[in-house]
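Asker:
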Amino acid sequence: MTTIDQKSEFLKGTLDMLILKIVVLGPIHGYAISQRIQQISRDVFQVQQGSLYPALHRLEDRGWLQAEWRPTETGREAKFYTVTRKGRRQLEAEMRNWEQISGAVALILDTAK
Amino acid sequence: MKYWLRRIIRKQGTEHELDSELRFHLEQRAADLVESGATREEANRRARLEFGGVEGIKEECRESRRVHLVETLLQDVRYGLRMLRRNPGFALVAILTLALGIGANTAIFSVVNGVLLNPLPYPHPEQLITLHESKPNFQYGSVSYPNFRDWQKNNRVFSSIAISRPTGFSLTGMGDAEQLTALFITTDLFPMLGIKPLLGRGLAAGEDEVGAGPVVLISAGFWQRKFGSSPEVLGKSLTLDARSYTIIGVVPNRPDLAEGPQPNDLYVPIGQWTNPLLTSRGAGLGIHGIGRLKDGLTFELARSDMDRIAANLAAAYPKEDKGIGASLIPLRRQVVGRVQPFLIVLLACVGFVLMIACVNVANLLLARSISRKREFGVRTALGAPAGRIVRQLLTESILLAGCGGLLALFLAQWTTKFMLKTLPDALPRAEEIGMDAKVMLFTLAISVLCGVLFGLFPALRLSRLAMFSGMKEGDARSGSSSLRTQNTFVAVETALALVLLVGAGLMVRSLAKLWSIDPGFNPHNVLTFNISLAPGMIKADPEAIRSKFREIESSLKSAPGVEAISFTWGAVPLQYDDEVLFWMDGQPRPSSAQDMNWSLSYVVSPGYLQGMGLPLLRGRFLNDSDNEHSPPVVVIDQALAQRFFPDQDPVGKLVRIDDYEQPAEIVGVVKHVKQWGLEGDERQSLQAQMYRSFLQLPDKAMVLAPSGTGVIARYAGKSSTGVFDSIRSIVRRINRDQVIFGAVTMDEAISSTLATRRYSMILLTAFAALALLLAAVGIYGVMSYVVGQRTQEIGIRMALGARRGHVLAMVISRGAKMTLLGAAAGLLASLALSRLMAQLLYGVSPTDPLTFVAVAALLALIALLACYLPARRATKVDPMLALRCE
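First to last, the sequence lines map onto chains A and B. Using the numbering used here, the letters of the first sequence correspond one by one to residues 42 to 154. Using the numbering used here, the letters of the second sequence correspond one by one to residues 27 to 912.
(1) How many whole angstroms separate the CB atoms of residue 376(B) and residue 856(B), which I take to be in contact at a CB cut-off of 8 Å?
(2) Roughly how many angstroms separate the alpha carbons of residue 685(B) and residue 725(B), rounded to a whole number?
(3) Taking just the CA atoms, how far does residue 571(B) sit from residue 269(B)?
(4) Nearest to residue 651(B) by alpha carbon, out of 699(B), 720(B), 595(B)?
(5) Anything in chain B within Cβ reach of residue 90(A), meaning under 8 Å, just list it in chain order.
(6) Check the Cβ-Cβ distances between residue 55(B) and every residue of chain A, and say whether any is below 8 Å.
(7) What are the residues that DSSP puts in a beta bridge with residue 154(B)?
(8) Going by the beta-carbon positions, is the gap between residue 729(B) and residue 568(B) smaller than 8 Å?
(9) Quick test of the definition: if touching needs 3 or more C-beta pairs under 8 Å, does the stretch 55-72 of chain A touch the stretch 130-144 of chain A?
(10) Residue 249(B) lies in the alpha helix (DSSP H); which residues open and close that run?
(11) Report yes if the C-beta distance between residue 775(B) and residue 601(B) is below 8 Å; otherwise report no.
(12) Name the DSSP bridge partner or partners of residue 352(B)?
(13) When the Cα atoms are used, what is the spatial distance from residue 791(B) to residue 523(B)?
(14) By DSSP's criteria, residue 691(B) is part of a beta bridge. Which residues make up the other side?
(15) Would you report the Cα separation of residue 607(B) and residue 147(B), rounded to the nearest angstrom?
(16) In whole angstroms, give me the CA-to-CA distance for residue 532(B) and residue 619(B).
(17) Residues of chain A with a CB under 7 Å from the CB of residue 91(B): which are they?
(18) Find the nearest neighbour of residue 257(B) within the set 273(B), 265(B), 264(B), judged by alpha-carbon distance.
(19) Compare the C-beta of residue 384(B) with all C-beta atoms of chain A and state if any pair is closer than 8 Å.
(20) Just checking my contact of residue 516(B) with residue 804(B) at CB under 8 Å: how many whole Å lie between their CB atoms?
(21) I'd like the span of the beta strand (DSSP E) that includes residue 780(B), first residue to last.
(22) Anyone know if the C-beta pair for residue 661(B) and residue 723(B) falls short of 8 Å?
(23) Helix, strand or coil: which one does DSSP assign to residue 242(B)?
(24) Can you find the residues in the same chain that come closer than 6 Å, C-beta to C-beta, to residue 204(B), ignoring five residues on each side of it along the sequence?
(25) Looking at residue 663(B): is its Cβ nearer than 8 Å to the Cβ of residue 693(B)?
(26) Beta carbons nearer than 9 Å to chain B: which residues of the stretch 60-76 of chain A have them?
(27) According to DSSP, is residue 229(B) part of a helix, a strand, or is it coil?
(28) Anyone know if the C-beta pair for residue 130(B) and residue 379(B) falls short of 8 Å?
(29) I think residue 190(B) touches residue 309(B), with their Cβ atoms under 8 Å apart; what is that distance to the nearest whole Å?
(30) Which of the three DSSP states is assigned to residue 306(B) in this structure?
(31) Figure out for me which residue from 398(B), 334(B), 786(B) has the closest Cα to the Cα of residue 534(B).
(32) Mind checking if residue 111(A) is an interface residue toward chain B, Cβ cutoff 8 Å exclusive?
(33) Could you confirm whether any beta carbon from chain B is found closer than 8 Å to the beta carbon of residue 122(A)?
(34) Verify whether the separation of the beta carbon atoms of residue 627(B) and residue 605(B) is less than 8 Å.
(35) At a CB distance below 7 Å, what residues from the stretch 833-864 of chain B approach chain A? Give them in sequence order.
(36) Which of the three DSSP states is assigned to residue 257(B) in this structure?
Here it is as structure tokens:
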């Protein structure tokens with residue numbers, strides 16, 4: 042199992058992409074994002090909560106996410122994130138990028154077989 | 027930027043949001059865990075455990091935002107201020123130390139800035155070049171008026187050139203007669219310097235020629251003083267030396283930087299000068315020139331063009347101009363060149379003082395860092411990254427330096443003001459010194475630099491300590507390694523202080539050497555001043571003038587307190603020079619001035635010998651019977667005797683003097699006088715000196731005497747002012763239109779020739795003393811710390827029977843070791859550095875052993891004292907208390 046940490050620039054980018062991918066589905070707060078990441082990728086990697094919040098703040102600071110305080114279904118106030126238009130473009134770019142890289146890696150691995 | 031600003035303002039809110047967001051996460055997680063069956067406590071515990079260090083994550087979230095830097099800076103500053111308030115003693119010592127160090131730098135930099143860095147206050151000052159005639163005895167001799175006109179006409183490199191010469195006029199017809207300072211100028215001078223009249227107009231072309239109508243420009247100061255700045259002044263006339271001049275304009279005060287510090291009242295076209303020698307091509311009348319280069323031309327080009335002109339003139343007028351060249355100096359170098367090396371050495375010295383101050387504060391911080399280890403250990407454990415701790419500590423040290431810098435600005439403001447008031451004439455451009463933006467920026471820059479410099483090392487160290495030692499107390503190893511650093515610091519500041527002490531010591535020795543030089547006469551109790559006769563005498567015949575001077579001389583002789591009196595015309599030692607040309611009797615008159623023999627010319631009365639305390643070596647001095655009716659006689663000095671009459675007795679020999687009709691007999695020999703100043707007299711090639719009788723001045727020179735003749739008086743008693751007052755009233759009584767002016771004692775004249783050197787010495791000594799004080803404080807601080815750290819050990823030793831003397835020796839030897847190391851390094855550094863100030867020294871080698879040994883001994887003494895006090899405290903340690911300490 043791999044742990045996503047802020048130490049690696051590569052994985053940091055991956056975490057950003059993952060977060061954007063989750064948030065793009067609809068407004069969501071930090072705790073829910075961490076739960077969702079765990080569900081999606083339980084066996085692949087684990088996001089430390091210590092890394093999630095700085096990443097959220099970083100994405101907000103860059104203008105890819107925007108945040109709003111609103112009540113949850115239990116009635117408590119929580120900070121909900123949504124993806125901005127700029128964030129969407131960024132996500133698309135990152136996905137394309139990712140596909141290219143993973144395609145290339147797959148190609149290399151295939152050839153090496 | 028606006029966005030950042032909003033963020034800072036909203037910072038409180040952001041911080042609160044961050045807190046709520048993370049709390050929400052924890053509570054939500056705990057709630058989920060409770061749902062899946064955990065107890066409330068267990069759920070809370072697990073949620074926290076999974077989440078990790080809340081403070082660390084918060085910090086990382088803040089890091090993620092770009093505005094972070096500014097935000098944490100504010101936070102750091104707030105925190106830093108709190109820390110400083112909590113340790114007012116430490117803060118005070120550190121800030122004061124830095125204020126002294128930075129203040130000294132700001133003060134000297136403001137001087138350097140005003141004098142050396144700021145451009146001269148003229149448009150394109152780099153194009154201005156001063157012009158002189160080079161002659162066999164003078165590299166920068168005066169320019170004759172006819173030569174100037176030819177230079178003006180024939181040069182191809184200057185857009186304009188001009189000449190000027192200081193002079194004086196006595197003003198009558200406006201209240202009491204008054205002596206005014208004036209400058210003879212030519213038309214182009216003010217336009218060239220970019221000086222525009224405040225009122226009226228400047229000189230028109232041709233108005234500076236001989237024979238033009240008498241007009242005058244007045245200075246704003248004179249305008250205000252005499253005319254209340256009334257615009258009606260234009261067209262009015264002034265009676266100057268009994269002639270009427272029309273005022274055509276008013277110019278700003280002191281536009282004549284190149285002419286020295288004396289402000290002028292008047293500017294008069296040089297053509298108005300009544301001296302018949304003005305139009306003589308060979309005359310040296312103290313006239314100097316200035317030119318403005320055409321755009322894009324170089325100094326070298328100007329020099330070669332002027333060489334060409336001088337060669338042409340020498341060919342055209344061999345009698346006067348043979349051997350005469352043109353010499354050029356950039357104006358800036360002429361104005362500030364003399365003080366530049368002094369200022370640079372001073373700047374280097376204050377740099378050293380600042381380094382010592384920094385080392386001292388670094389030492390303080392280091393000592394304090396041991397006690398703050400715990401504080402930062404806790405912060406590290408709570409998740410603060412190392413960089414954050416270093417930044418916090420640096421903010422604190424820059425804050426300290428900033429406070430020091432602020433205080434330094436005030437200190438520097440006061441000290442420069444005080445300095446400039448006490449040493450008026452030592453510095454050119456002194457009026458341009460002040461606190462401008464550049465000085466402020468400089469202070470800010472060195473403050474920040476200092477903060478980083480003295481803060482970085484202790485900060486890095488503390489962050490490392492905090493990282494490794496965590497919250498443990500009493501780590502002996504870290505203590506001893508920081509002690510090693512402190513020892514190094516002390517050695518470094520000892521070395522720095524020693525270098526400064528050596529510099530100061532060498533300057534003190536130079537000055538002592540200079541003061542002990544015999545000027546060749548007795549300068550104490552000699553007053554020199556000038557007298558101008560009533561305007562009515564200016565057009566009188568030579569006989570009447572002589573008899574008026576006789577009358578004045580005899581009444582001055584009887585003035586109370588006056589022991590001897592003499593008129594002087596021409597040279598006065600250390601003040602003015604004047605030359606006379608002669609050849610040996612019986613030989614044909616040499617064809618050109620350069621082929622004649624040159625001598626300094628002192629035209630004096632018989633009282634001069636006693637007045638100046640001049641030793642007579644052979645024959646007799648001038649006496650009352652050497653007057654206009656008797657054959658001319660001269661007295662010469664040793665130098666003339668040796669040069670022109672080697673191995674002969676010159677007394678009784680005849681010489682032909684250029685402006686005398688008859689041959690003159692040498693009647694006596696006196697001691698050589700240091701005409702050119704205490705230092706450097708021997709470097710001047712013109713050494714021969716000749717004394718002539720005032721009453722035997724040829725008629726054509728005598729008619730010039732009424733408009734200004736020198737007087738020297740030897741007086742009894744301590745103060746010259748009483749004597750001067752009685753002389754003044756006697757002169758007034760004879761005729762109220764007679765003026766005396768420009769009184770200066772010979773001692774003052776000598777000391778003003780040494781002013782730059784003396785004030786540099788005073789400043790350098792002051793800085794060295796400051797350095798010594800700071801170093802002593804540093805040594806004392808470290809030794810106190812050492813004793814404090816080793817209280818327990820000392821206690822044990824004493825409990826085991828060590829004697830007090832032994833403990834004392836142990837502590838002192840520890841201090842002695844590091845200061846000796848520092849002193850050795852300082853001596854080596856001084857050997858290398860003192861060579862750089864060689865041109866500031868006189869009669870002392872830059873590696874003068876006496877100075878080196880003396881200052882090293884002084885430093886060792888002070889250092890020992892600084893060690894002794896803490897050492898004595900160590901011997902007072904109560905063994906029982908010390909053992910119970912831990």
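By construction, the Cβ of each residue, glycine as well, lies at the ideal position given by its N, Cα and C atoms.
Answerer: Let me lay it out:
(1) No, residue 376(B) and residue 856(B) are not in contact; Cβ-Cβ is about 17 Å, not under 8 Å.
(2) Cα to Cα, the separation comes out at about 10 Å.
(3) Distance between the alpha carbons of residue 269(B) and residue 571(B): 18 Å.
(4) Here the closest residue by C-alpha is 720(B).
(5) Simply 51, 76, 77, 78, 83.
(6) Taking 8 Å as the CB threshold, residue 55(B) lines the interface with chain A.
(7) According to DSSP, residue 154(B) shares a beta bridge with 318(B).
(8) Cβ atoms of residue 729(B) and residue 568(B): closer than 8 Å.
(9) At 8 Å Cβ cutoff, the stretches touch.
(10) Run containing residue 249(B): 246-253, per the alpha helix (DSSP H) assignment.
(11) Cβ distance < 8 Å, so residue 775(B) and residue 601(B) count as in contact.
(12) Beta-bridge pairing links residue 352(B) to 159(B).
(13) Take the alpha-carbon of residue 791(B) and the one of residue 523(B): they are about 11 Å apart.
(14) Looking at the DSSP assignment, residue 691(B) forms a beta bridge with 659(B), 680(B).
(15) Between the alpha carbons of residue 607(B) and residue 147(B) lies a distance of about 40 Å.
(16) In a straight line, the C-alpha of residue 532(B) is about 44 Å away from that of residue 619(B).
(17) Those within 7 Å of residue 91(B) in chain A are 98, 102.
(18) Per the C-alpha coordinates, the member of 273(B), 265(B), 264(B) positioned closest to residue 257(B) is 273(B).
(19) At least 8 Å separates the CB of residue 384(B) from every CB of chain A.
(20) For residue 516(B) against residue 804(B), the beta-carbon gap comes to about 6 Å, under 8 Å, which counts as contact.
(21) In the DSSP annotation of this structure, residue 780(B) is not part of any beta strand (DSSP E), being labelled neither H nor E.
(22) Taking 8 Å as the Cβ cut-off, residue 661(B) and residue 723(B) do not qualify as a contacting pair.
(23) Three-state DSSP puts residue 242(B) in a strand.
(24) 197.
(25) Their beta carbons are not under 8 Å apart, which means residue 663(B) does not touch residue 693(B) by this criterion.
(26) Per Cβ criterion, the list reads 70, 71, 72, 73, 75, 76.
(27) Of the three classes helix, strand and coil, the one that applies to residue 229(B) here is coil, per DSSP.
(28) Taking 8 Å as the Cβ cut-off, residue 130(B) and residue 379(B) qualify as a contacting pair.
(29) Contact flag wrong, Cβ pair sits at about 16 Å.
(30) Residue 306(B): coil per DSSP, three-state reduction.
(31) Checked all of 398(B), 334(B), 786(B); the closest Cα to residue 534(B) is 786(B).
(32) So, not an interface residue.
(33) Cβ-Cβ to chain B under 8 Å: no for residue 122(A).
(34) Contact annotation: residue 627(B) and residue 605(B) have beta-carbon atoms nearer than 8 Å.
(35) Going along the stretch 833-864 of chain B in chain order, one finds no residue with a Cβ nearer than 7 Å to chain A.
(36) In the structure shown, residue 257(B) adopts helical secondary structure according to DSSP, grouped into three states.
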